[in-house]
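Undergrad: Pasting in a structure now, in structure tokens, and then I'll have a few things to ask.
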Amino acid sequence: MALTTQQIAGLQVCTQLFPSSSKAYEDCPDSNLVGRHFGHVPFIALPINTLWQNGITLNVRFMGTDGSTFVREKVKQYANTWMRFANIRLRFVNEGPAQIRISFKQGSGSWSWVGTGNLRVPDNQATMNFGWFDNNTQDYEFSRTVIHEFGHALGCIHEHQSPAANIPWDVERVYQYYYKTQGWSREQVDVNIFRRYSASTTRYSEFDTLSIMLYAIPAELTTNGFSTD
Ligand SMILES: [Zn+2]
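The numbering of the sequence shown is my numbering, which starts it at 2 and goes up by one.
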């Protein structure tokens with residue numbers, strides 16, 4: 002389904018979170034001098050230092066009373082999509098310890114901690130938030146947002162920040178666009194858009210323009226008309 006530039010501008014975007022002591026951001030260079038090297042993980046990029054153990058079962062728990070039964074069931078439904086592809090199990094629990102803890106704070110965006118960074122979050126705090134779901138949310142929106150945030154929880158970074166990404170950004174327009182649509186400072190744009198991860202600290206594939214971990218990029222933000230939905 003192709004989106005118009007206006008529809009893309011209306012999409013909420015997510016920010017990925019790392020503990021402040023994590024090396025992930027430090028290892029994420031701000032230059033474009035990243036060599037191309039194709040790893041063994043198909044079509045995704047993951048920082049090596051926040052990978053979960055193979056085959057691990059991750060408990061997932063909803064926090065508080067926000068989020069209707071309908072919304073919670075949709076989150077479960079789409080989160081479980083990952084079990085068809087990742088060597089990992091998600092187990093939704095009602096109480097007790099859980100590595101992934103979900104809140105539904107409206108207006109504070111949708112976001113998730115990345116990989117084992119989840120373990121650094123105090124037990125009484127959420128590791129993932131869905132900030133715009135309600136009983137009228139369409140399946141398309143549940144699907145794209147839930148699969149994306151759980152991708153972060155499993156350790157995936159934004160695909161446009163993969164060492165293999167080489168998007169010809171129209172830099173000044175990108176700053177203006179994200180200031181206008183998300184209220185981001187230039188520094189936030191640097192961190193969330195331009196910086197790419199180092200090849201030596203990331204497992205990654207060839208850049209995947211269809212990745213669920215990729216932002217929607219309107220053609221007006223690139224110098225050669227490149228765009229993604
Ligand atoms: Zn994200």
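Note that the Cβ used here is the ideal one computed from N, Cα and C, for glycine as well.
Starting from residue 275, trace the alpha helix (DSSP H) both ways and give me its first and last residue.
TA: With the chain represented from 2 up to 230, any question about residue 275 goes unanswered, as that position is not in the structure.
Undergrad: Can you give the Cα-Cα distance for residue 198 and residue 98, rounded to whole angstroms?
TA: Within the sequence shown, the letter at position 197 stands for residue 198. Within the sequence shown, the letter at position 97 stands for residue 98. Taking the straight line joining both Cα atoms gives about 31 Å.
Undergrad: At which residues does the beta strand (DSSP E) containing residue 144 begin and terminate?
TA: As a position in the sequence shown, residue 144 is number 143, starting the count at 1. Taken as a continuous stretch (DSSP letters only), residue 144 belongs to no beta strand (DSSP E), being part of the alpha helix (DSSP H) at 140-154.
Undergrad: Please list the terminal residues of the continuous alpha helix (DSSP H) segment that includes residue 187.
TA: Along the sequence shown, one-based indexing puts residue 187 at 186. Note, residue 187: alpha helix (DSSP H), 187-190.
Undergrad: Buried or exposed, going by whether 16 or more other CB atoms sit within 10 Å of the CB of residue 113?
TA: Residue numbering aside, residue 113 sits at position 112 when the sequence shown is read from its first letter. So residue 113 ends up on the buried side.
Undergrad: Shorter than 6 Å, the distance from the beta carbon of residue 157 to the closest heavy atom of ligand 1, or not?
TA: Numbered from its first residue, the sequence shown carries residue 157 at position 156. No, the beta carbon of residue 157 sits no closer than 6 Å to any heavy atom of ligand 1.
Undergrad: Measure the beta-carbon distance from residue 223 to residue 169 and round it to whole angstroms, keeping in mind my assumption that it falls under 8 Å.
TA: Within the sequence shown, the letter at position 222 stands for residue 223. Within the sequence shown, the letter at position 168 stands for residue 169. Right, their Cβ atoms sit about 5 Å apart.
Undergrad: Use the C-beta contact count for residue 163: other C-beta atoms within 10 angstroms, 16 or more gives buried, fewer gives exposed.
TA: Along the sequence shown, one-based indexing puts residue 163 at 162. The residue in question, residue 163, is buried, as its Cβ has 16 or more Cβ neighbours within 10 Å.
Undergrad: For residue 141, tell me which candidate among 55, 47, 213, 50 has the shortest Cα-Cα distance.
TA: On the sequence shown, position 140 is the one that residue 141 refers to. Comparing Cα positions, the closest option is 213.
Undergrad: Start and end of the beta strand (DSSP E) containing residue 205?
TA: Numbered from its first residue, the sequence shown carries residue 205 at position 204. Residue 205 -> beta strand (DSSP E) spans 203-205.
Undergrad: Output needed for residue 82: all residues of its chain with C-beta closer than 7 Å, excluding positions within five of it in sequence on either side, in chain order.
TA: As a position in the sequence shown, residue 82 is number 81, starting the count at 1. Contacts found: 148.
Undergrad: Please report the distance separating the alpha-carbon of residue 194 from that of residue 52.
TA: Numbered from 1 along the sequence shown, position 193 holds the residue referred to as residue 194. Numbered from 1 along the sequence shown, position 51 holds the residue referred to as residue 52. Distance between the alpha carbons of residue 194 and residue 52 is about 22 Å.
Undergrad: In terms of DSSP beta bridges, what is residue 103 paired with?
TA: Taking the sequence shown and counting its residues from 1, one reaches residue 103 at position 102. Beta-bridge pairing links residue 103 to 63, 129.
Undergrad: Whole angstroms is fine: what's the gap from residue 187's alpha carbon to residue 200's?
TA: As a first step, residue 187 must be located in the sequence shown, where it is residue number 186. As a first step, residue 200 must be located in the sequence shown, where it is residue number 199. If you take the alpha carbons of residue 187 and residue 200, they lie about 25 Å apart.
Undergrad: Would you tell me roughly how many angstroms separate the C-alpha atoms of residue 208 and residue 192, rounded to the nearest one?
TA: On the sequence shown, residue 208 is found 207 positions in, with the first residue counted as 1. On the sequence shown, residue 192 is found 191 positions in, with the first residue counted as 1. Each residue's alpha carbon lies about 19 Å from the other.
Undergrad: In the structure shown, what three-state DSSP assignment does residue 218 receive?
TA: As a position in the sequence shown, residue 218 is number 217, starting the count at 1. The answer is strand: DSSP assigns residue 218 an E or B state.
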